[in-house]
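What follows is one structure encoded as structure tokens, with my remarks underneath.
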Amino acid sequence: MPVVDPRAFLRSLFDAAIAAADPFRCLPPHLPAPPRGRSIVVGAGKAAAAMARALETHWPGPLEGFVVTRYGFGLPCQRIEVIEAAHPVPDGASVNAAQRALALVSGLTADDLVLALISGGGSALLTLPAPGITLAEKQARTRELLKSGAPIREINAERRRLSAIKGGKLAAAAMPARVVTLAISDVPGDDPADIASGPTVPPAGVPWADRCTTRVIASSATSLAAAAEAVRAAGVRPVILGDAIEGEAREVAGAMAADALADGDRPCVLLSGGETTVTVRGNGRGGRNSEFLLALAIALDGRPGVYAIACDTDGIDGSEDNAGAVVTPDTLARGRAQGLDARDFLADNDAYGYFAALGDLVVTGPTRTNVNDFRAILIL
């Protein structure tokens, strides 16, 4: 059997997925030519600091500007300032960052270039409420949306409606400069308008749209392809179920459990990405990947030879300190031995508490990239 340690093997697949979306690997091939004028950097997202460092390492000329990332996700840079703000609910630092970004790109010429480094999380980190809307109102609406289980597409549409910087408004402020957006996608389908709610993606029909270019430099598909190659290298068959899977986490888990139980060509690994959602009804802790796994374990019901990992590629599952967790054939049995009922924990949206008690959380710290969920189900 090629897989000796299923846990270590699954973790190696997650590591391969993260490495494929590392800005130091994926950003340099997409850099544009330097302009005749100034090179201005503005960025937002969980990968922004790593993108900034990769950019200044490979950029041949002068650079100026800043990026904003989540608290704890910063990295020191020499020419690009890195600031931090709140995620997933914006704070005053998020507003200050948005105001600074608009001021930074104002007054440029056609000879200047704006390099926008955009990644998931930028919607909260670069926040400027539309006229007539307060930050407190936007914070309340954000919390409501996050608990509702709404797809990210709907959430970002609402964010654009309530924003004075999203939906291409930052690019509009930069005109007539050229705007090149380098984006790491955390949204199913990789629509640039949905990545950080598209601050530099022009809406349809504006006359200055030809001054803007967007390049998606990494995505869920990028990371799944790297994980699939690692699976093949181990002599196991990879099956990519999709890179844009959406839906309620526990319902997606039920469907994938059925796939795992039905697949007769073993060994194999079922790989998938995208972004599930959780409708919060309980009072527990746990992000969508941990909830997916707890529902998966219940659906598998101790089936021998089936192991799984599910993690958020930014290293933070929801608002907790873990990236995700691991499921093994004895996940439920080990829980029962400690007096834990998996179904009770799931009903309370407390997957974090369940996996923490078992010692099965995956903790990586900030990865400084973000291509959303990564799931791998190993069937031996």
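Under the numbering used here, residue 386 is the last one in the sequence shown; the count climbs by one each step, no gaps.
Glycine is no exception: its CB is placed at the ideal position from the N, C-alpha and C atoms.
Just so it is clear, the structure is predicted and the values come from calculations on it, not from any experiment.
Asked: Cβ neighbour criterion (16 or more within 10 Å) applied to Leu138; Found: Reading off the sequence, residue 138 comes out as Gly, not Leu. That one is exposed.
Asked: Whole-angstrom distance between Glu281 and Ile24, CA atom to CA atom; Found: 16 angstroms
Asked: Selected residue, minimal CA-CA separation from Gly248, among Pro35, Ala227, Leu81 and Pro310; Found: Ala227
Asked: Extent of the continuous beta strand (DSSP E) run through Asp379; Found: Asp379 to Ile385
Asked: For Glu254: DSSP bridge partner residues; Found: Thr283
Asked: Beta-bridge partners of Arg59, as assigned by DSSP; Found: According to DSSP, which records beta bridges pairwise, Arg59 is partnered with nothing at all.
Asked: Integer Cβ distance of Asp307 from Leu338, believed to fall under 8 angstroms; Found: 7 angstroms
Asked: Host alpha helix (DSSP H) of Val237 (start-end); Found: Ser226 to Ala239
Asked: Buried versus exposed call for Arg238 [16 or more other C-beta atoms within 10 Å across all chains shown]; Found: exposed
Asked: With 16 other Cβ atoms within 10 Å as the buried cut-off, status of Arg256; Found: buried
Asked: Pro66 burial status per 10 Å Cβ neighbour count (16 or more: buried); Found: exposed
Asked: Nonlocal neighbours in the same chain, by C-beta distance under 7 angstroms from Leu33, ignoring five residues either side; Found: Met57, Ala60, Leu61, Leu188 and Ile223
Asked: Other residues of its chain near Gln344: CB distance less than 7 angstroms, five sequence neighbours each side excluded; Found: Ala363
Asked: Those residues which DSSP pairs with Ile322 across a bridge; Found: Beta-bridge pairing links Ile322 to no other residue.
Asked: Enclosing alpha helix (DSSP H) for Val212 [first to last residue]; Found: Element bounds for Val212: n/a, residue is neither H nor E.
Asked: Residue-level contact to chain C via CB, Ala264, 8 angstroms cutoff; Found: Here chain C cannot be found, since the structure has a single protein chain.
Asked: Backbone secondary structure at Pro34 - three-state DSSP; Found: helix
Asked: Pick from Val73, Gly126, Glu297 and Ala234 that is closest to Gln105, judged by C-alpha positions; Found: Val73
Asked: Distance CB(Leu108)-CB(Leu168) smaller than 8 angstroms; Found: no
Asked: Backbone secondary structure at Tyr77 - three-state DSSP; Found: coil
Asked: Three-state secondary structure assigned by DSSP to Val242; Found: coil
Asked: Euclidean distance between Cα positions of Ser100 and Cys317; Found: 26 angstroms
Asked: Three-pair Cβ contact test at 8 angstroms for the stretch 153-169 versus the stretch 115-123; Found: no
Asked: Minimum C-alpha distance to Val48 - residue among Ala92, Arg85, Leu346 and Leu230; Found: Arg85
Asked: Candidates Leu151, Asn355 and Asp97, of which the one nearest Thr133 by Cα; Found: Asp97
Asked: 7 angstroms CB neighbourhood of Ala268 in its chain, flanking five on each side removed; Found: none
Asked: Cβ-Cβ separation, Val377 to Asp200 (assumed contact under 8 angstroms), whole Å; Found: That pair is no contact at about 13 angstroms.
Asked: Same chain only: Cβ atoms within 6 angstroms of Gly391, ignoring 5 sequence neighbours per side; Found: The structure shown does not extend to residue 391, since the chain spans only 7 to 386, so no value can be given for it.
Asked: Straight-line Cα distance separating Arg217 from Val333; Found: 48 angstroms
Asked: Beta-carbon proximity check, Val207 vs Thr219, cutoff 8 angstroms; Found: no
Asked: Under 8 angstroms between C-beta atoms of Ala303 and Gly260; Found: no
Asked: Expected contact under 8 angstroms - CB spacing of Ile385 and Gly311 to nearest Å; Found: 6 angstroms
Asked: Classification of Tyr358 by the beta-carbon crowding that lies within 10 angstroms, buried from 16 upward; Found: buried
Asked: Rounded straight-line distance, which links the Cα of Arg147 to that of Ser325; Found: 17 angstroms
Asked: Length of the line joining the Cα atoms of Glu252 and Thr285; Found: 13 angstroms
Asked: Entirely enclosed beta strand (DSSP E) segments - the stretch 293-337, minimum 3 residues; Found: 312-318 and 330-333
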